[in-house]
Every structure is written in structure tokens, then in C-alpha cells.
Amino acid sequence: MENLIALLVAAPLVGAALLLCGGTRLDRAGHWIGSLLAVASFAVGVVLFAGMLGRDAGHRALHQHLFSWIPVGGFRADVAFQLDQLSMTFVLLITGVGSLIHIYSIGYMEHDARRRRFFGYLNLFLAAMLLLVLADNYVLLYVGWEGVGLASYLLIGFWQHKPSAATAAKKAFLVNRVGDMGLSIAIMLMFTTFGTFAFGPVLAATGQTSEGKLTAIGLMLLLAACGKSAQVPLQSWLGDAMEGPTPVSALIHAATMVTAGVYLITRSGALFNAAPDAQTAVVAVGAVTLLFGAIVGCAKDDIKKALAGSTMSQIGYMVLAAGLGPVGYAFAIMHLVTHGFFKAGLFLGAGSVMHGMNDEVDMRRYGGLRKYMPVTFVTFGLGYLAIIGFPGLSGFFSKDKIIEAAFARGGTEGWILGGTALLGAAITAFYMTRVMLMTFFGEERWRNAPTPSPDRPSAEPAAETRGEYAPPHPHESPKVMTVPMIVLAVGSVFAGGLFSIGDAFVGWLEPVTSFSHGHSPVSAGVVTAATMVVLVIGVGLAWLMYGRRPVPATAPRGSLLTRAARRDLLQDDFNHVVLVRGGEHLTRTLVYLDHSLVDGAVNGTAAAMGGLSGRLRRLQTGFVRSYAVQMLGGAAVLVAATLLMRGV
Amino acid sequence: MSAVASVHSLWTVAAGVPGRIPAPKIEYAQLAPTLIVLGAAVVGILIEAFLPRRSRYYSQLLLSVVALAAAFAAVIGLAAGGFGSSKAHLAAMGAIAVDGPALFLQGTILLVSLIAVFTFAERRLDPAAHGRPGDAFAPQPAAIPGGEAERAAEKAGFATTEVFPVLLFAVGGMLVFPAANDLLTLFVALEVFSLPLYVLCALARRQRLLSQESAVKYFLLGAFSSAFLLFGVALLYGYAGTVTYAGIAEVISDGARQVDPALAGTMGNDALLLIGGALVLMGLLFKVGAVPFHMWTPDVYQGAPTPVTGFMAAATKVAAFGALLRLLYVVLPGMRWDWRPVMWGVAILTMLGGAVLAITQTDIKRLLAYSSIAHAGFILAGAIAASADGISSVLFYLAAYSFVTLGAFAVVTLVRDAGGEATHLSKWAGLGRRSPLLAAVFAVFLLAFAGIPLTSGFAGKFAVFKAAAESGGGWLVVVGVISSAIAAFFYIRVIVLMFFSEPKADGPTVAVPSVLTSTAIAVGVAATLVLGVAPQYFLDLAGHAGIFIR
Numbered sequence: 055m056e057n058l059i060a061l062l063v064a065a066p067l068v069g070a071a072l073l074l075c076g077g078t079r080l081d082r083a084g085h086w087i088g089s090l091l092a093v094a095s096f097a098v099g100v101v102l103f104a105g106m107l108g109r110d111a112g113h114r115a116l117h118q119h120l121f122s123w124i125p126v127g128g129f130r131a132d133v134a135f136q137l138d139q140l141s142m143t144f145v146l147l148i149t150g151v152g153s154l155i156h157i158y159s160i161g162y163m164e165h166d167a168r169r170r171r172f173f174g175y176l177n178l179f180l181a182a183m184l185l186l187v188l189a190d191n192y193v194l195l196y197v198g199w200e201g202v203g204l205a206s207y208l209l210i211g212f213w214q215h216k217p218s219a220a221t222a223a224k225k226a227f228l229v230n231r232v233g234d235m236g237l238s239i240a241i242m243l244m245f246t247t248f249g250t251f252a253f254g255p256v257l258a259a260t261g262q263t264s265e266g267k268l269t270a271i272g273l274m275l276l277l278a279a280c281g282k283s284a285q286v287p288l289q290s291w292l293g294d295a296m297e298g299p300t301p302v303s304a305l306i307h308a309a310t311m312v313t314a315g316v317y318l319i320t321r322s323g324a325l326f327n328a329a330p331d332a333q334t335a336v337v338a339v340g341a342v343t344l345l346f347g348a349i350v351g352c353a354k355d356d357i358k359k360a361l362a363g364s365t366m367s368q369i370g371y372m373v374l375a376a377g378l379g380p381v382g383y384a385f386a387i388m389h390l391v392t393h394g395f396f397k398a399g400l401f402l403g404a405g406s407v408m409h410g411m412n413d414e415v416d417m418r419r420y421g422g423l424r425k426y427m428p429v430t431f432v433t434f435g436l437g438y439l440a441i442i443g444f445p446g447l448s449g450f451f452s453k454d455k456i457i458e459a460a461f462a463r464g465g466t467e468g469w470i471l472g473g474t475a476l477l478g479a480a481i482t483a484f485y486m487t488r489v490m491l492m493t494f495f496g497e498e499r500w501r502n503a504p505t506p507s508p509d510r511p512s513a514e515p516a517a518e519t520r521g522e523y524a525p526p527h528p529h530e531s532p533k534v535m536t537v538p539m540i541v542l543a544v545g546s547v548f549a550g551g552l553f554s555i556g557d558a559f560v561g562w563l564e565p566v567t568s569f570s571h572g573h574s575p576v577s578a579g580v581v582t583a584a585t586m587v588v589l590v591i592g593v594g595l596a597w598l599m600y601g602r603r604p605v606p607a608t609a610p611r612g613s614l615l616t617r618a619a620r621r622d623l624l625q626d627d628f629n630h631v632v633l634v635r636g637g638e639h640l641t642r643t644l645v646y647l648d649h650s651l652v653d654g655a656v657n658g659t660a661a662a663m664g665g666l667s668g669r670l671r672r673l674q675t676g677f678v679r680s681y682a683v684q685m686l687g688g689a690a691v692l693v694a695a696t697l698l699m700r701g702v
Numbered sequence: 017m018s019a020v021a022s023v024h025s026l027w028t029v030a031a032g033v034p035g036r037i038p039a040p041k042i043e044y045a046q047l048a049p050t051l052i053v054l055g056a057a058v059v060g061i062l063i064e065a066f067l068p069r070r071s072r073y074y075s076q077l078l079l080s081v082v083a084l085a086a087a088f089a090a091v092i093g094l095a096a097g098g099f100g101s102s103k104a105h106l107a108a109m110g111a112i113a114v115d116g117p118a119l120f121l122q123g124t125i126l127l128v129s130l131i132a133v134f135t136f137a138e139r140r141l142d143p144a145a146h147g148r149p150g151d152a153f154a155p156q157p158a159a160i161p162g163g164e165a166e167r168a169a170e171k172a173g174f175a176t177t178e179v180f181p182v183l184l185f186a187v188g189g190m191l192v193f194p195a196a197n198d199l200l201t202l203f204v205a206l207e208v209f210s211l212p213l214y215v216l217c218a219l220a221r222r223q224r225l226l227s228q229e230s231a232v233k234y235f236l237l238g239a240f241s242s243a244f245l246l247f248g249v250a251l252l253y254g255y256a257g258t259v260t261y262a263g264i265a266e267v268i269s270d271g272a273r274q275v276d277p278a279l280a281g282t283m284g285n286d287a288l289l290l291i292g293g294a295l296v297l298m299g300l301l302f303k304v305g306a307v308p309f310h311m312w313t314p315d316v317y318q319g320a321p322t323p324v325t326g327f328m329a330a331a332t333k334v335a336a337f338g339a340l341l342r343l344l345y346v347v348l349p350g351m352r353w354d355w356r357p358v359m360w361g362v363a364i365l366t367m368l369g370g371a372v373l374a375i376t377q378t379d380i381k382r383l384l385a386y387s388s389i390a391h392a393g394f395i396l397a398g399a400i401a402a403s404a405d406g407i408s409s410v411l412f413y414l415a416a417y418s419f420v421t422l423g424a425f426a427v428v429t430l431v432r433d434a435g436g437e438a439t440h441l442s443k444w445a446g447l448g449r450r451s452p453l454l455a456a457v458f459a460v461f462l463l464a465f466a467g468i469p470l471t472s473g474f475a476g477k478f479a480v481f482k483a484a485a486e487s488g489g490g491w492l493v494v495v496g497v498i499s500s501a502i503a504a505f506f507y508i509r510v511i512v513l514m515f516f517s518e519p520k521a522d523g524p525t526v527a528v529p530s531v532l533t534s535t536a537i538a539v540g541v542a543a544t545l546v547l548g549v550a551p552q553y554f555l556d557l558a559g560h561a562g563i564f565i566r
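From first to last, the protein sequence lines are chains A and B.
Be aware that the first sequence starts at 55, since it is given in the numbering used here, and climbs by one per residue.
Be aware that the second sequence starts at 17, since it is given in the numbering used here, and climbs by one per residue.
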């Protein structure tokens, strides 16, 4: 059974190799090969899952050792896999959602000349992501971590002819490097602390290690998670990453890769449990990000960027839950899975809308689309209900549990965290309702020519210059796109409920993450009721602002907060002032120091040596008599020194 | 050989009972390398006396090459016969050691000398005078420079083919020097190889006054230092009542057991031991060119004919360091804590002094002379490590360094202008543009001197520094690395000069050498690269050879 594990990674890896090296011969079949191999990987995952269910809870983990990768003295990095319940969950999510998005992309990328390459990159991403979640040690995990980073970079910049896409790819890459540095430092610290980086020994040894070291490792892991999962302060790349094709946004920047940080924290749970300070940092990052993302999501008119803000916010929930320790790990992963369904569904829906609207992304240019795209409307609507936590749908079960766990933290902290989570839920309801209303309801704003606005470059400059406006013809997408959306919508509706029957999901994960019931100062019923109240408030507020009143086709100036949120709460301005300017100043200072101090010292030494040499040279007179005197003196010193040494 | 044996038998006779003169037992087979070389030297003198002038050159060349090759084969045979390890013992009544270090060093000296013979025999570089090829040596060395006799000798086509037997005599002495196992043999060997070298230094064809001056300087200072050494020998005899290495070592470690009545006042007196030991060391340090006994080096290296300089720089250093190693490891290990601090000081002065002084040199031969001083310092750092690694690292360094040096001086002979060799550095500007191959070869040698990885210089330097650091000389290594950095400056400066400067209009030409010098240079490059890329085999060889017999 365990020999199948490598096959999970191998299938998409072979696909990537074939499609990227195969050349134009594979142009016509490339998308089928890529999709087939993704589905094959999913099939292997299902077989392994069935096998795992067949064993009792204590013996579910499988291990496969392929080869010793870097055996150098005490340093030993293996290529070895570990498939336990946590990895299994991810495998099914990655290959399942991945396969659906491969299929969707067949339709979405139909007219793209570089479709083969696109599928090659997607397969590469799958392989790297599976490697990340299957690795049994941190070094191999790091390989996968960098692999998904590479795939993400390639796919964000897939439309490289657009300068904005190229810039966005570069930005994502650079910001991620900061996080990657955290992971590599964490791995080095692990090696010096534990002498190994296999999950088993490292996590088992946390009990005998000083808390300071564990806190340091934990903070470095958190930095890594912040980079990959777009958490404050390394969140700035995710919004720009929406420049990539929409299936990429759905798979990588919503459902799977961005949740790798949550995986990392959950996987290192034992380490974080022993380092409460690091956990507090995790919780703080999660709480701040969930509000940050939500506020940004409220102000964006670009449908994908609104969803990106939402992704950031939802991952904030997961990180918050993961930071709560054994109380929250299972719920973090549960929310991760349900979020994988509904957010992927929402993105695919957004892609479907764009597909029918000539790639227009501005929601102010949408409106009333429910009549033209019924399937998209229904699937998107179900995803919407799931994310805002409508009772009975997936998001309701997972998010509710997180809010409850946040209150269970206890004390003032518990109230703050619980309150933040509740406030986040209200804002989520607000901005998602806003997206829903602006896109599918209201008047059909796309019928009129856009009014040129200095803020917003038009999607169709060519039409504008011609002076005539051809309105798009919204239409439903082909089956190959709608079927994956329907499947994901089904998941969005039922997954949460299914997981919660008899606490099935928690019980499934408990052997890996451990679980403890929190003691909430407020009862579960009260929390649910409060969630419902804030949900109604959020939806009602959005309806008042965007449902009852017509949506202006051009964005109004808005309040100070709105304007700041439109600029992603000034994240780029902050980075520019602090990092770019600061970096420039630092460089200038260093260059100055290099010129004056370092070069000065070097040149000074050289001059001193030359001077010394010139002086000493004068001893070399050319006269034998002076040589002989020097030798005599040397001999005298030699003898004297020898005698002195003995003390005779 | 005759000199060694007779001195030794005199000594044993003097110490023995009158009336019964035991015949000394001489293991001729084990002394074969030395005997072959000295025998060939004698034959060479006979050739000079009896063969007609025109056939002397080829006869001498053939004889020297055959003798050196045969002697090398004999060394290999001895080593293969186990004399380097299990069967190592003292030959010729305890006067000569036949052991690993001796055989390794003798083998190195013989190979180096063989290549040196090639550079001695080069006759294509100097422009032909009166239709006859000229070598690096004066036609009639006794003639007054610039005088009528000189011109006549040149016109008559004289050639100083005596250099070959003289070289062989020097080699013979060098073979005995690192194998000498008592102080008198050591002294005799020193003189046997020094006197021919003084003569060789005076034989330059060009710039004869400079050459003769260098020979006189070398002779005077050499005699001066020999006197110190001899005085040290006398003091050590007073201390121990014997001149054999083992005997002195025994007295140092166990005290004098049988006090000779004639020496009752001096035996076991540590002051004699310390002063005598220091003076003997000084004599050897003079030969290796260590600071503050180095002053002769640049003057002699500059004045001597370049092939002779190359031979001296390579072979003398091997022989002298061999003798120094044996003295330190066989005679003086019991007083390690007396000589080590002093030698540390000498090593530091030598490394820094050589490197610093080389910076301002403008003559390539003087630059290489100071470089050889700095290298003597590096080797000293390994030699005083007082460990098995110290011995093997020094053996390796000597082998590696001697080939580089010989090759570098061979290159110097090729760069010429109207006045002979163009040794001023300014004339080397832009050489890389005019003769890229030659400049590249020289650059390889310079990089090896500087100790850049993938050259033998790096492997050797690494080995001696490692040995020094492991025996507690960490700061010695720090100084060594600093001097290496200083030294790298002037090596690299020459490379920059050759490749990145504009060639001068009246720059030197590069002579096309015959197969002889080409072979010497090629062997130098090959040894540099092989020992640099795959040093382990040779390090192991040096490691196996690194045990002195006592």
C-alpha cells in the first residue's frame, strides 16, 4: 500500500516533464494529458484513502522511504513520505480540487496559444504541493515549499506579455522569499537543536528543549507561513497575484497553496504547543489578517481582488484557529477544506462571469447577470451562502467552531479574539453580499459605455478610441467549465455538515493533531445565535447600500477608510516607505562605509606594507660585511633566545 | 662516497683500540644512489681531461642523465626493497641513514637534478656567436670579464662543459646531506654540495661581474655559516661525547651514562647543548634561507646563471630541509620545548619578511628569491610541528615546491632581449599578449606559489598549515595565512602585468627553446597540476615515508 504514495507525486511530475519538455507535438493533447494525470493522482489518493479507512485509527499512518538524499555525517536528509490523516486530507483536497480545476481550465484556456505550457505548470504545481504535504521531514517539505513558490510565480506571470502580470509575479516571488528565509532558518535551528529534521523525532523532542529555542523556531515557521499564506505583514502579494489566469487563482491562490502556512503550523503543532509565546504571535497574526483581508475585500471593485481579500481573511481564521493549539487545529483544517470547496467554486464562478463578459473584472460593469448565467449564478450563490456561514452550509459549521474556540481561549484575550472573529464574520457577510448584489442583481450596467475615469483604466481601450461601444453578450459557460463548478458547489453545501456528523472530522484528525475541548465562557448556542445576528446585520447593511440603491458605474470617492482599503490599506505605500526607502538608505550607507572604511583599511594596509617593504629593503645593502654582521646578530639572538627559553 | 667513508673510518679508528683496526663495513648497495652520482662525477672530470672538445658536451649530457636516472632507479629499488619502512637502518657504520625520509628526499633531489641538467644543457637560447651555439655559461670563466682572453675564448668556441660533473658533485653532497646521521658527515656533506655551488654561481655568460660577485658573496657567507655550524658541532661533542645523532639524543633524554674522562668538565652541561644546538640549527637555516640568515639569497639568485639559480632554489632547499628535519626529529626531540618557541619566531620572521620584502622588488629573479624565503617560512611552520604529519607535509611541500621553482626559473631563461635575459619586471609588461602560452605557463607557476587551489602550492600549504595547527601552532598558521595574502599580492601583480598591461615597443622577445627546456617546463606544469588536482596519492606516499630511523 505504501508504495503507492510516491505515485501520487510521480503522476503530475511526469505530466509536468512531458508537457514542458515535449514541445509543440503535444500542443493538441497537452491539456488532456495534464488533466488525466491529475485525475490519476486523485484516483490513487482515493485508493489510499479507502485503505486508510480500513485500518483502525492508531495504525493509519503510512511511511515510504525512497532514498537518502543528502547523507553527510550527522546531517541526513531523506526523500521519504509520510501519509497520515492530515496529509490524506490535503492529498484529497489538492488532487480533487486540482482535477476539477484542470478540467475547468480545458474550457477556460481554450483560446490560449500556450495552453500546453499552462497545463505543464499546473501539473508541476500539483507535484510540488503533494511533495509539500507528503514529506516526512522539513527539508523535503522545503523542496515542495519552493516548488509551489516556483509554480505560483510561473502561473501568476503566465500572461507575461502584460507588464502588470510580470510585475505581480515578481512581487509574489520576492515577498515569498522573505517567508522562505524564515523556513530555512527554522530548519537550520532545528538541526542545531535536535540534530535532525524528520517530523517524528523533532516533534517528539520538543518536551526536552528549552522554550526559548522552540519560540525562535516557532516564530521563524510563522514567518514562513505568513509569506506563503499571505498573512500580515507579508500579505501584499496576494491581491496582485490575481493577474494570473482565474483557474490559477482558484487552485493556488485560494484553495491549496496559500493554505500551506496553515499546514505548516498544524504539522508543527507539538512544537507550537510547547512555545506559548509563538502561539500568541500566531493568533495575533491570524486575528489581524482576518480583519485586514475583510476590510480590503469591502472596498475592491475588481471581483477577483474582492475574493482575494476574502481569501486572506478566511486564512486569517485558519491561522487564528491553528494558533489556539489542540482546541483549534482540527477546526483550522476543517475550515481549510470547506474553504477549499467554496472559495474555489467562487473563483471558478468569477472566471465564468469574466468568460462571458469579455474578461471584464470590474463589478461596477456587471449587474443583473443571473438571467444570463443561471448555472454560474446558482453555484456562485451556494458558495456565497457557504462562505458567509448560512446555517446548514459548509462555512457555517467550520467558522462557527473557530469563533467558539476563539472565545474558549479564555480571559480578556478570549473576548478580544472571539469579538474579532465575530466582527470578521459580519464584514464577510457584508462584502460577499456586496459582490453577489453587484454581479448578479440590479440594473445591467454593462449595457452602457463606460465613463472614462482616471482611476480605472478601461478594459477595452481599443473600443474607446474608436468612439463606439459594443456591449458584451453575457452567456453561460460550456459544460466543461460548469460541471466542475457544480461539483464544487455540492461540496460547499454538504462538506461542513458531513464533517460534523458525530464530530467525524475531529475524530479523524485527532491521532495526528490531538484535540481538546475548549471551555468557552459563552455557550455554543449563544455563539451560534451571535453569529446569526452579525450575519443578518452584515447582509442587511450590504443590501441597504447596494441592493436598494442603484450601484454607480463609477466608484464614488468614498470615505477615508474606503479609499485606504482600495489601496489595500496602504500596504504598498508602507512597504515603499519602510522597505524600499529604508533599503535604499541602508545601501547608500553601506556603500559609503565600504568606500571609506573597508577600502580605506585595505588601501591603508597595502600602503603600509609597501612602506615597510621599502624600509626593510634598505637592510639589503649589497655589502657582504653588513650581511655578515646581520648574520652574527641573528646567531646571537638565536642562541640567547634558546638559552632564555630554558632559563639557564 | 670516498670522502664520507674515509672520514668515518678515521673517526672510528681514533676511538678504537690502538693496534686493532676493524675494517669498516660498508653496505655498497644501500649507498648506491650516492655512489653512482659521485662516480659519474669523477668520470665526468676524466671526460673533460681526455675527450676532444667537440664531443664533450654530448658525452657529459648523456653521462649526467644516465647517472641521475640510474641513481633514481636505485632509490626506487631501495624503497621497493622495504628500506623506506621495515628494513630501514643505518648504513656505513651508522654514518648514513637509509630510511623513508632519506629515500623520499633523495628521490626528489634526483628528479629535480635530472630536470636541472636539461636546463643546464640548453644551447638554443643565447644567439649563436661565431656560428656556434651558446649555453648559459661563460666560455672561459677564468678570463677577465670584457677582456681579450674572453673574446678569444668565445671566438675559439670554448664551452664550460665542466658544469655537468660539478653539478653531479653537488648532487652527491645533497644526497648525503638529508641522510647524514652524525654531525661530521653532515658537515662534510654540506661542504661537498656547497663548494660546487659557489663555483657554478660564478659561471654566467652574461653579466659576468654580477655573477662573480654573487659567487664571492655566497662563498664568504657560506664559509661564515659553516664556521658557526662547525663550532656548534664541537660544542655538541663536548656535551655528549659523541657526534652520532642517536648518541646525542640518548644523552639528552637519559643523561650521560659513561662520562669520558677527557670531557668530564663539559659532558651533560646543558648550556653547551643549547648553544651548540642553536649554532648547528643556524648553519642549516642559512642554507634554507630563513630570516635573519637570508641576505645572500636575493643577491646570489640574481647573479647566478638562471639554470643554476633554479637548481639551487629547488635542490638545495630539499636537501637542507631534509637535514633540518632529521636534526629536529632525531637529535633534538628531547628538548622540543627549548627549540620550538625559537623556531616559531624564526618561521614567523621568515614568512613575513620574505613576503613583505618581495612587494617592492622590480627584478623577477630577486622577486622569486624573496618568494623562496617566504616559502622557507611556510615549510618551517610544518617542520617544527613535531608530529608525523609535520614530517610528511614538509616532504610533500618540498617535492611540490621544487618542481614549481625549477619551472619558473626555466621560464625566466626564455624571456630575453639584447642584453641576455630580461629580468626587470617592467619588461614583462604585456607578455601575455605577445606570448600567451608562455605567460599562461608562468601564471600557473605563480598561482602555485600563491597557493591557489588546484595547484600543488595549495595542497602543500594546506598540509603544512594543518600540521602546524594540529600541534598547537594556531597563531603560526594565522601569520602564515596573512603572509600568504601579502605574497599573493605580488604574484598576482606579475600576472596582471603580463596580461593587462600594454606591451612595450622595445619589449623582450621570447626565445624558442629546444626540447630540453621545454621538457623541464612541461614537467613543472604537469607536476604542479597533478599534485594540485590529485594530491592524495603523493600525500600518502610522503606519509608512509615519514618515519625517521634513530
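Glycine included, every Cβ here is placed at the ideal spot set by N, Cα and C.
To the nearest angstrom, report how far apart residue i and residue j are at their CA atoms.
{"i": "Gly84/A", "j": "Met411/A", "result": "27 Å"}
{"i": "Gly271/B", "j": "Gly284/B", "result": "6 Å"}
{"i": "Thr263/A", "j": "Met242/A", "result": "15 Å"}
{"i": "Gly351/A", "j": "Ile555/A", "result": "32 Å"}
{"i": "Gly592/A", "j": "Phe484/A", "result": "4 Å"}
{"i": "Phe245/A", "j": "Leu513/B", "result": "48 Å"}
{"i": "Leu344/A", "j": "Thr474/A", "result": "8 Å"}
{"i": "Pro349/B", "j": "Thr269/A", "result": "55 Å"}
Taking 6 Å as the limit between beta carbons, can you name the residues of its chain near residue i, skipping five residues before and five after?
{"i": "Phe134/B", "result": "Leu532, Thr535 and Ala536"}
{"i": "Met190/B", "result": "Ile125, Phe209, Ala331 and Ala335"}
{"i": "Ser227/B", "result": "Ala218, Ala220 and Gly319"}
Establish whether the CB of residue i and some CB of chain B are separated by less than 7 Å.
{"i": "Gly654/A", "result": "no"}
{"i": "Thr696/A", "result": "yes"}
{"i": "Arg700/A", "result": "yes"}
{"i": "Gly340/A", "result": "no"}
{"i": "Ala682/A", "result": "yes"}
So, helix, strand or coil for residue i, using DSSP?
{"i": "Gly606/A", "result": "Sequence inspection shows Pro at residue 606/A; the Gly mentioned does not correspond to that position. Pro606/A: coil per DSSP, three-state reduction."}
{"i": "Pro428/A", "result": "helix"}
{"i": "Asp622/A", "result": "helix"}
{"i": "Phe309/B", "result": "coil"}
Indicate whether at least one CB of chain A lies closer than 7 Å to the CB of residue i.
{"i": "Phe193/B", "result": "no"}
Would you kindly check if the distance between the Cβ of residue j and the Cβ of residue i is under 7 Å?
{"i": "Leu547/B", "j": "Ser442/B", "result": "no"}
Please return the same chain residues whose Cβ sits closer than 7 Å to the Cβ of residue i, not counting the five positions on each side in sequence.
{"i": "Asn6/B", "result": "Nothing can be reported for residue 6/B: it is not among the residues displayed for chain B, which extend from 17 to 566."}
{"i": "Ser451/B", "result": "Val526"}
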